[in-house]
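Asks: Residues are numbered in this note's numbering as their position in the sequence shown, beginning at 1, plus a constant of 1.
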Amino acid sequence: MRLNGMPLYNLRQLRLTGLLLGTVLSISLSGAPVTLHAQQTLLASAIPPSSATESSSLANLNDAPANAPATITTPDLPDDPSALLDPQSTPPSPVKTDNPDIVSPNGTQQTKRILGLVPNFRSVSADTKLPPMSAKDKFLIAGKDTFDYSSFFIAGIQAGISFNSKSYPEFHQGAAGFGRYYWHTLADTIDENFWVGGLGPIIFKQDNRFYTLGHGGFRKRSLYAVSRVLISRKDDGGATFNFAEVIGSGAASGISSLYYPTTYRTWTKVGQKWLTSDIIDGFNFFYKEFWPDVNKAVFHTH
């Protein structure tokens, strides 16, 4: 090693660097406003005097005390801090209430029916927190969903589609064939509703209601809605895996295979029905999420 042979000009550079660092350190310790004031002075001298407004603004900045904090407000900018921190841009705290028909703070409301027909008894308006449901209430609301007059009408439509496409050739055609399609479809509806909306939430101590998000963009709300197939709430309000949906729909699919022809009692057929049920429920959550907005915009009601 040849430390004693270090060139002389390197020592000079080290002394110069140390001097510069000392100067910067002394300025930093004396306070940032000094540097800011110097920058404002240089900026004022660089701007041409043609703009009287801008010159007067810089003069006011130069006349301010050296230790005064510099504040520059630009309310017209979209990324202005005051706009970002606007209370209206953040969702309000959930309103605790015993009234399931309360209007959300954002002015929307989940109605008991969608388009006056489809049952929507288990949907909660955005920013609303209801007390936990008892096991009896969960079972009763599942029954209300199942035996609503619209359920018989919707089952008829579904049976008609299956009948027209000959989904189960063993059922045959004609009036008797349509009757077989109808009662099988109605039995599937009863089976699904009680397992997913009644027995499942009771067994796993989950809240069987759909809580509307109501805030954010289309993508965020869409992902939130369809993810409710896998994510739910416990009775105490905490998030949990949606055992009632996933396991309940699987149990319903397995039970339904018992009253279908033996050719459909396979793991593949049961799995297909299981997956189809969860996909349909995801779609149901999707349109329930946006129904209050559509209802308010199109029908001008809560």
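We put the CB at the ideal spot given by N, CA and C, even for glycine.
Assuming Ser126 contacts Ser94 under a Cβ cut-off of 8 Å, what Cβ separation, rounded to an integer in Å, is found between them?
Replies: Position 125 of the sequence shown, counting from 1, holds the residue named residue 126. Position 93 of the sequence shown, counting from 1, holds the residue named residue 94. That belief does not hold up - the Cβ atoms of Ser126 and Ser94 are roughly 14 Å apart, past 8 Å.
Asks: What did DSSP end up calling Arg222 once you bin it into helix, strand or coil?
Replies: Here residue 222 is taken as the residue at index 221 of the sequence shown, counted from 1. Helix, per DSSP.
Asks: Let me confirm a value: Ile280 is counted as buried when at least 16 other C-beta atoms fall within 10 Å, else exposed. Which label applies?
Replies: As a position in the sequence shown, residue 280 is number 279, starting the count at 1. Exposed, by the Cβ-count rule.
Asks: For Ser250, which residues in the same chain have their Cβ closer than 8 Å to its Cβ, ignoring the five residues on either side in sequence?
Replies: Reading the sequence shown from its first residue, position 249 is the one you call residue 250. Counting only Cβ-Cβ distances below 8 Å, and skipping sequence neighbours, we find Glu193, Trp196, Val197, Trp275, Ser278, Asp279, Asp282.
Asks: Count Cβ pairs between the stretch 262-270 and the stretch 196-212 that sit closer than 8 Å; are there 3 or more?
Replies: no
Asks: Using the three-state DSSP reduction, which class does Phe300 fall into: helix, strand or coil?
Replies: Position 299 of the sequence shown, counting from 1, holds the residue named residue 300. In the three-state reduction of the DSSP assignment, Phe300 falls in the helix class, which pools H, G and I.
Asks: Would a check of beta-carbon distances place Ala188 closer than 7 Å to chain B?
Replies: Within the model displayed, chain B is absent; a lone protein chain is all it includes.
Asks: In whole angstroms, give me the CA-to-CA distance for Lys297 and Gln111.
Replies: On the sequence shown, position 296 is the one that residue 297 refers to. On the sequence shown, position 110 is the one that residue 111 refers to. The alpha-carbon of Lys297 is positioned some 10 Å away from that of Gln111.
Asks: Between which two residues does the beta strand (DSSP E) containing Thr264 stretch?
Replies: Within the sequence shown, residue 264 is the residue found at index 263, counting from 1. That residue, Thr264, is in no beta strand (DSSP E); it is neither H nor E in DSSP.
Asks: Leaving aside the five residues before and after Thr190 along the sequence, list all residues of the same chain whose C-beta is less than 7 Å from its C-beta, in chain order.
Replies: Mapped onto the sequence shown, residue 190 falls at position 189. Here the set comprises Thr147, Ser152, Ala156.
Asks: Could you have a look at Val230 and say whether DSSP puts it in helix, strand or coil?
Replies: The count along the sequence shown starts at 1 and reaches residue 230 at position 229. Here Val230 sits in coil by DSSP.
Asks: Going by DSSP in three states, Ala245 sits in which element: helix, strand or coil?
Replies: Residue 245 sits at position 244 when you count from the first residue of the sequence shown. In this structure, Ala245 counts as helix in the three-state DSSP scheme.
Asks: Can you give the Cα-Cα distance for His185 and Tyr260, rounded to whole angstroms?
Replies: For the purposes of this step, residue 185 is taken as residue 184 along the sequence shown, with counting starting at 1. For the purposes of this step, residue 260 is taken as residue 259 along the sequence shown, with counting starting at 1. Cα-Cα distance, rounded: 8 Å.
Asks: Within this structure, are the beta carbons of Ala240 and Glu290 separated by less than 7 Å?
Replies: Locating residue 240 in the sequence shown gives position 239, where the first residue counts as 1. Locating residue 290 in the sequence shown gives position 289, where the first residue counts as 1. Contact flag unset, no.
Asks: Using 10 angstroms around the beta-carbon of Asn165, count the other beta-carbons present and answer buried if the total reaches 16, otherwise exposed.
Replies: Your numbering for residue 165 matches position 164 in the sequence shown. That one is exposed.
Asks: Counting C-beta neighbours from all protein chains within 10 Å, is the total for Phe286 16 or more, i.e. buried, or is it exposed?
Replies: Position 285 of the sequence shown holds residue 286. Result: buried.
Asks: Note down the Cα distance separating Leu214 from Lys221, rounded to an integer number of angstroms.
Replies: Here residue 214 is taken as the residue at index 213 of the sequence shown, counted from 1. Here residue 221 is taken as the residue at index 220 of the sequence shown, counted from 1. For Leu214 and Lys221, the distance between alpha carbons rounds to 9 Å.
Asks: Pull up the distance between the alpha-carbon of Ile142 and that of Ala252, whole angstroms please.
Replies: Position 141 of the sequence shown, counted from the first residue, corresponds to residue 142. Position 251 of the sequence shown, counted from the first residue, corresponds to residue 252. Straight-line Cα distance between these residues: approximately 20 Å.
Asks: Please state whether DSSP places Thr277 in a helix, a strand or coil.
Replies: By 1-based counting over the sequence shown, the position of residue 277 is 276. Three-state DSSP puts Thr277 in a helix.
Asks: I need the DSSP call for Gln207, collapsed to helix, strand or coil.
Replies: Taking the sequence shown and counting its residues from 1, the one referred to as residue 207 is at position 206. Here Gln207 sits in strand by DSSP.
Asks: DSSP has Pro120 in a bridge; who is on the other side?
Replies: Against the sequence shown, residue 120 aligns to sequence position 119. Partner(s): Arg114.
Asks: Can you round the beta-carbon distance between Ile256 and Gly201 to whole angstroms, since I take them to be within the 8 Å contact cut?
Replies: Counted from its first residue, the sequence shown places residue 256 at position 255. Counted from its first residue, the sequence shown places residue 201 at position 200. Incorrect: roughly 13 Å between the Cβ atoms, too far for contact.
Asks: Taking the alpha carbon of Asp294 as the reference point, which residue from Pro120, Asp99, Gly218 has its own alpha carbon closest?
Replies: The count along the sequence shown starts at 1 and reaches residue 294 at position 293. Asp294 has its Cα closest to that of Gly218, out of Pro120, Asp99, Gly218.
Asks: How would you call Ile115, buried or exposed, if buried means at least 16 neighbouring beta carbons within 10 angstroms?
Replies: Numbered from its first residue, the sequence shown carries residue 115 at position 114. By the 10 Å Cβ count, Ile115 comes out buried.
Asks: Nearest-angstrom Cα distance between Asp138 and Pro101?
Replies: Here residue 138 refers to the residue found at position 137 when the sequence shown is read from its first residue. Here residue 101 refers to the residue found at position 100 when the sequence shown is read from its first residue. Distance between the alpha carbons of Asp138 and Pro101 is about 13 Å.
Asks: At the level of alpha carbons, what is the spacing between Glu171 and Phe179?
Replies: By one-based count along the sequence shown, residue 171 stands at place 170. By one-based count along the sequence shown, residue 179 stands at place 178. Going by the C-alpha atoms only, they are around 12 Å apart.
Asks: Classify Ala127 as helix, strand or coil using the three-state DSSP reduction.
Replies: For the purposes of this step, residue 127 is identified with residue 126 of the sequence shown, where counting begins at 1. Three-state result, Ala127: coil.
Asks: Starting from the C-beta of Leu30, find all residues in its chain whose C-beta is less than 6 Å away, skip the five residues before and the five after it, and write them out in chain order.
Replies: The sequence position of residue 30 within the sequence shown is 29, counting from 1. Since pLDDT at Leu30 reaches only 42, below the 50 mark, its modelled position is unreliable, and the value read off the structure follows with that caveat. Correct list: empty, nothing qualifies.
Asks: Short of 6 Å in beta carbon distance, which residues of its chain neighbour Phe244, apart from the five on each side in sequence? Order them along the chain.
Replies: In the sequence shown, counting from the first residue as 1, residue 244 sits at position 243. The residues are Phe205.
Asks: Under a Cβ-count criterion, where at least 16 other Cβ atoms within 10 Å of its own Cβ denotes burial, should Pro120 be classed as buried or exposed?
Replies: Position 119 of the sequence shown holds residue 120. By the neighbour-count rule (16 or more Cβ atoms within 10 Å), Pro120 is buried.
Asks: How many angstroms separate the CA atom of Asp149 from the CA atom of Ala176?
Replies: Numbered from 1 along the sequence shown, position 148 holds the residue referred to as residue 149. Numbered from 1 along the sequence shown, position 175 holds the residue referred to as residue 176. Cα to Cα, Asp149 sits roughly 24 Å from Ala176.
Asks: Let's test the definition: count the other Cβ atoms within 10 Å of the Cβ of Thr109 and tell me whether it reaches 16, buried, or not, exposed.
Replies: In the sequence shown, counting from the first residue as 1, residue 109 sits at position 108. The residue is buried, with at least 16 neighbouring Cβ atoms inside 10 Å.
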